[in-house]
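Residue numbers (the numbering used here), protein chains in the order written: chain A, 6 to 359; chain B, 383 to 460. By construction, the Cβ of each residue, glycine as well, lies at the ideal position given by its N, Cα and C atoms.
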């Protein structure tokens, strides 16, 4: 009886990685999945924060895929190490702040480190190779014929990385040469056409999966990338903490002046989430009328906070009132109540919206 | 003799509670109990899903006020 070969699969929760795992299971490979948390993941957080999203079906798609395919899934927090990928991408950004090629190299490299660690620990009983759901031509930045060998080389995975969905279009890998898997049972998908994947899913009875090619990373989002760029510009340096990138996902971001910006909650769920940050920011709360919580980030003066309250008033039920009262609580200071005049629409510069 | 451990994941958004519980469970022997409390309702789905794929048993899930609770029993490690 031969050795049971094992593989680690990068599982995003989308259709491609799901099919890639299943394709290897069809060849008798024992697969375990790994899913990386970068801090920029779209689902989960936004659903958890926004009350209007809480009616939607909530599930972690990577875990759901793992359950559906009967594999273990390890979720790894790489948010700290990932900063270097975002801040210093060797191969640059895509259309927005998305360092897709560096990201893929980094993630395959992490999987390769897991593979090597497991091999060291249990000699021949560890993982033998890595699986990804990459398809040549699927993504303009990272999934091209010329980037496939680059990812394999730069990640250190070399010929231990298998792309079952397009493996027939790529040079033979170690698992193929060793006879652990059969090349002819892999696929030759290419391009952005999703029909072959959808047909394969249908064939295997996989009828429920996360929307194909749906952006799962906030860095591919124009609006989010703009807010991140604004954050760096305002602070004068390109760094971030996890809380920074979480807060870019919520509220309206309004910058009336370079030294401060407002984050105005849009609904109850965001309000509750932002309450958790009230000690780390200056806060503005309407008293005389209903309205959202506003956090003020940066180094506002006392006058700036008064002006910020006037701006925040535009998003409250008192926006047409002659005057409103607000509670202002400076960061680390004592809260006080002021009377302000809501800013008039003609005085609100649309360019303040980030 | 199995032990009961508490993990406070309040303020964390999924998947961070799952990741933290995963790290804790890795160090525990089979049969130990872990009681998780969080503020993200997603833990009611994600932690049980994680338990199912790793062979741990969910003993209960519930909401009390604004907090969500999941209690699990550590399964056999493989």
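Just reading off the beta strand (DSSP E) that residue i is part of, what are its end residues?
i	result
residue 290/A	287 to 291
residue 163/A	Counting along the chain, residue 163/A falls outside any beta strand (DSSP E), and DSSP gives it neither H nor E.
residue 261/A	257 to 262
residue 134/A	134 to 136
residue 12/A	11 to 15
residue 391/B	386 to 391
residue 250/A	Per DSSP, residue 250/A belongs to no beta strand (DSSP E); it is in the alpha helix (DSSP H), 247 to 252.
Under a CB-based cut-off of 8 Å, is residue i close to chain B?
i	result
residue 13/A	no
residue 415/A	Nothing in the structure corresponds to residue 415/A, since chain A is present only between 6 and 359.
residue 42/A	yes
residue 82/A	yes
residue 219/A	Because residue 219/A sits at a pLDDT of 45, beneath the cut-off of 50, its placement in the model cannot be relied upon, and the following sentence gives the value as read from the coordinates. Chain B, which has no Cβ nearer than 8 Å to the Cβ of residue 219/A, makes this no.
residue 281/A	yes
residue 64/A	yes
Assign residue i to buried or exposed, taking buried as 16 or more other Cβ atoms, counted over all protein chains shown, within 10 Å of its Cβ.
i	result
residue 141/A	buried
residue 75/A	exposed
residue 325/A	exposed
residue 139/A	buried
residue 285/A	exposed
residue 219/A	The predicted model places residue 219/A with a pLDDT of 45, which falls under 50 and marks its position as unreliable; any figure quoted below should be read in that light. Answer is exposed; the Cβ neighbour count stays below 16.
residue 90/A	buried
residue 383/B	exposed
residue 198/A	exposed
residue 212/A	exposed
residue 346/A	exposed
residue 348/A	buried
residue 94/A	buried
residue 178/A	buried
residue 230/A	buried
residue 71/A	buried
residue 126/A	exposed
residue 441/B	exposed
residue 408/B	exposed
In the DSSP assignment, find the alpha helix (DSSP H) that holds residue i and state where it starts and stops.
i	result
residue 156/A	152 to 160
residue 80/A	No alpha helix (DSSP H) contains residue 80/A, which is instead part of the beta strand (DSSP E) from 78 to 82.
residue 427/B	425 to 436
residue 359/A	Counting along the chain, residue 359/A falls outside any alpha helix (DSSP H), and DSSP gives it neither H nor E.
residue 405/B	398 to 408
residue 4/A	Only positions 6 to 359 of chain A appear in the structure, and residue 4/A is not among them; the question remains open.
residue 202/A	200 to 208
residue 441/B	Run containing residue 441/B: none in the alpha helix (DSSP H); it sits in the beta strand (DSSP E), 439 to 446.
residue 276/A	273 to 280
residue 232/A	227 to 240
Does the distance from the C-beta atom of residue i to that of residue j stay below 8 Å?
i	j	result
residue 208/A	residue 191/A	no
residue 92/A	residue 147/A	no
residue 395/B	residue 422/B	yes
residue 124/A	residue 111/A	no
residue 419/B	residue 390/B	yes
residue 316/A	residue 310/A	no
residue 318/A	residue 343/A	no
residue 264/A	residue 304/A	yes
residue 26/A	residue 36/A	yes
residue 322/A	residue 296/A	yes
residue 166/A	residue 34/A	no
residue 223/A	residue 180/A	no
residue 19/A	residue 247/A	no
residue 268/A	residue 279/A	yes
Beta-carbon of residue i versus every beta-carbon of chain A: anything under 8 Å?
i	result
residue 428/B	yes
residue 434/B	yes
residue 391/B	no
residue 418/B	no
residue 397/B	yes
(message) Please list, in chain order, the residues of the segment 66 to 78 of chain A that have any C-beta partner in chain B closer than 9 Å.
(response) 67, 68, 69, 71, 72, 75, 76, 77, 78
(message) Can you pull out the residues from the segment 18 to 41 of chain A whose beta carbon lies closer than 9 Å to at least one beta carbon of chain B?
(response) 38, 40
(request) Below 7 Å between beta carbons is the criterion; list the residues of the segment 110 to 141 of chain A that meet it against any residue of chain B, in chain order. (result) none
(message) Any C-beta of chain A within less than 9 Å: which residues of the segment 398 to 410 of chain B qualify?
(response) 398, 400, 401, 402, 404, 405
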